[in-house]
Every structure is written in structure tokens, then in C-alpha cells.
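Novice:
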Amino acid sequence: MPRNDLTLSSKTALLDKIKSQPPNTSHRRLAEITGVPKSTIPRVLRQESQLREELVLQEGQTGTSRRKREEKDPDVEEALDQWFSIVSGRGVNINAPILKAKSEELAKKLGRNDFKATGGWLSRWKTRHNIKFKKAHGEKGSADKESSKQWKTTKIPTFLENFCADDIHNADETGLYYRATPDGSLCYKRIALTGYKKAMDRSTVLCCTNMSGTGKRKLLIIGKSARPRCFKEFSMEGLPVAYHANINAWMTSEIDNLQNIQLEFLLPNTTSLMQPIDMGILNVEFSLQRHRDFINGYVKWVLKKLQGSMEGADAMIIDACKHI
Numbered sequence: 001m002p003r004n005d006l007t008l009s010s011k012t013a014l015l016d017k018i019k020s021q022p023p024n025t026s027h028r029r030l031a032e033i034t035g036v037p038k039s040t041i042p043r044v045l046r047q048e049s050q051l052r053e054e055l056v057l058q059e060g061q062t063g064t065s066r067r068k069r070e071e072k073d074p075d076v077e078e079a080l081d082q083w084f085s086i087v088s089g090r091g092v093n094i095n096a097p098i099l100k101a102k103s104e105e106l107a108k109k110l111g112r113n114d115f116k117a118t119g120g121w122l123s124r125w126k127t128r129h130n131i132k133f134k135k136a137h138g139e140k141g142s143a144d145k146e147s148s149k150q151w152k153t154t155k156i157p158t159f160l161e162n163f164c165a166d167d168i169h170n171a172d173e174t175g176l177y178y179r180a181t182p183d184g185s186l187c188y189k190r191i192a193l194t195g196y197k198k199a200m201d202r203s204t205v206l207c208c209t210n211m212s213g214t215g216k217r218k219l220l221i222i223g224k225s226a227r228p229r230c231f232k233e234f235s236m237e238g239l240p241v242a243y244h245a246n247i248n249a250w251m252t253s254e255i256d257n258l259q260n261i262q263l264e265f266l267l268p269n270t271t272s273l274m275q276p277i278d279m280g281i282l283n284v285e286f287s288l289q290r291h292r293d294f295i296n297g298y299v300k301w302v303l304k305k306l307q308g309s310m311e312g313a314d315a316m317i318i319d320a321c322k323h324i
């Protein structure tokens, strides 16, 4: 199919037409309906927010001008974008070195033996195509979605039919490295940044709430010492969390000692699809915790220590209990 660049208004009109179709419509079917190549569909969907922002900025203009091509190698950029759209749609993790190598490979196939994928070229390509580096959280990409869907519609309702929403709880645990510091630091360009061994002091945190949202339980923190020295002059009852201890800071049957329970084994590899707290809640909570701790606590604490000696300036488990 010959290449035909779309105008900004044409792209937004295409987006509106795509959005008007049923959510489960395949890209192949959308291409047939809209009359554009199949590879165009995921690309415009990925660039939706950017395209709509550009349309707002150009409001009042005719919107008929063609896309300005400031890129030096449009054929290589387009080929790389199509390849990236395919592999990212398959759930493959792609980084900068892979993109550079692939772009040079594609350039050779296009007869561009003089092409060199520099860091600047790749940065501009990512900006133009609205591509950002993100960290993957959880295990949802590996989950068995079909089995999970069937289980949720057939099995789970039978487990919960005799309970109201206030009595149905979900709990999940995670690790908290409460002495961890930022991975990097601002420094003078002429000075090399020296790395240090990362602090591995860890506690376990259990989050629990009910289905209706009316029974948000206190966070449960499990440390290594039943009575840490930092608790010496502090009342355990005054903590905003529930605190327990285990030599490895793990959950044990002594801590999780619920009685009169019915044990049901859920499907393997479906936690991220079936347990609400594992659907991003833990990640959001600890992202907020790190932000609050860094802004409200850690910065003030560091500045205070910088005024005097840094000896004995390690964070303690009580700091984690207060700031979480």
C-alpha cells in the first residue's frame, strides 16, 4: 500500500472513529473499517494524548498541513516504529541498546549503510513517537487470563455467596527496605559518583482491607526484633501500625494465626488478576510512601544530620513505622 501521511485532523478523526467501535474489535477489523494500514491503528492509539494536545494547540488553524518531517531518516524511523509496535504488542521488553541495534539493521536493509544510531537520534525518535521508558510492576503480564476469568465467574461466587461485602477481605504482603536511599545523586560533572553497598535492612508489610472499603485495617509490620532499641522510650501502642517480630522479618503461623478457616487453593499464576491489593494498590501505596517519606521525613532528617556528625545516622525500623 503506498504511503500516505495523515494530517493532524485526519488522525484525530481516525481516533474518534476507532473509539466508536466495540472495545474488543481487532486491529485488522479496525483497519478494514477505517481504510488505513493495520500498522497505523496501534500507532495512533499510542499517540492519542499527544495528538489531541497538538490539536488543541492548533485550534483555530485549518489543520490541513501535512506532518512536518524534521527527522533526518524518515524511512528508518518509520520502519523502526512499525517493528517496535509489533514486538511491544507481544509483551517483549525493549531497551535502548536493542532499539539502536535494530534500527541499524533496518537501515542496512533499506540501503542506508552510512546510518548510525546515536543516542541523540534515538532520543528524538522516542520523543516523536511518544515512547518512554517505564518499569513493569507486578506479574500481570504472566498471568493466565482465560482461566482466571472462568474461575471468577464460576468458582469465586460460590465461595462468597454467604458473606456480605463488609466481611470479605483481601490481604497481601510486600517487603519494605526502610534504609534504602536513592539510586543516584546530583554531583559535579567533573567528579565521578562512587557507589556504595545497598542497605538490605528489610521488614515485611501486610496490607488488608474489605470489599466495601469500610474496614481498612492498620498496616502490619514485621521486624526482626520484638523490642528494637529504637523503641526503648516509645510506646508500642502509640505506633500508627501493628508491629510483630520474627528473626527473618517473615510472616509465620504464629503471627498469622486465624482459626476456624476454610482453605481453598486458587489457580496458580493468577494473583495479579484475582487479588485486588496486587492490582497496583501496593505499588501505588509505596510510591506515595517513598514520596511522603522523602519529602516530609528523609530530607529534614538528612539536613539535620548534616549539621553535625553523620555517625549513627542510619534509619531505624521505628522511622519506617512512623512514615509508612
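According to full-length UniProt numbering, the residues represented by the sequence shown are 1 to 324, in order. A virtual CB, placed ideally from N, CA and C, is assigned to each residue, including glycine.
#1: Only counting the same chain, and skipping five residues up and downstream in sequence, which positions put a Cβ closer than 6 Å to that of residue 79?
#2: Mapping the DSSP letters down to three states, classify residue 233 as helix, strand or coil.
#3: Under DSSP, the alpha helix (DSSP H) around residue 156 begins and ends at which residues?
#4: Can you give me the Cβ contacts of residue 278 inside the same chain, cut-off strictly under 6 Å, excluding the 5 residues immediately before and after it?
#5: Between the C-alpha atoms of residue 202 and residue 125, what's the straight-line distance to the nearest angstrom?
#6: In angstroms, rounded to a whole number, what distance separates the CA positions of residue 8 and residue 45?
#7: Assuming residue 245 and residue 222 form a contact by the criterion Cβ under 8 Å, report the distance between their Cβ atoms to the nearest whole angstrom.
#8: In three-state terms, what does DSSP make of residue 264?
#9: Decide if residue 77 is buried, meaning its Cβ has at least 16 other Cβ atoms within 10 Å, or exposed.
#10: Among the residues of its own chain, which have a CB less than 6 Å from the CB of residue 61, if the five just before and after it don't count?
#11: Based on Cα-Cα distance, which residue from 86, 97, 231 and 163 lies nearest to residue 212?
#12: Taking 8 Å as the cut-off, does the segment 145-162 touch the segment 95-113 (at least 3 CB pairs, one atom from each stretch)?
#13: Report, in whole angstroms, the separation of the C-beta atoms of residue 19 and residue 27, which I expect to be a contact under 8 Å.
#14: Under 8 Å, do residue 120 and residue 169 count as touching if we go by C-beta distance?
Specialist: According to the data block:
#1: 106
#2: coil
#3: 156-160
#4: 172, 271 and 272
#5: 40 Å
#6: 13 Å
#7: 7 Å
#8: coil
#9: buried
#10: Because residue 61 carries a pLDDT of 45, less than 50, the predicted location of this residue cannot be relied on, and the following value inherits that uncertainty. The answer is none, since no qualifying residue turns up.
#11: 163
#12: no
#13: The pair is not a contact, with the Cβ atoms about 14 Å apart (cut-off 8 Å).
#14: no
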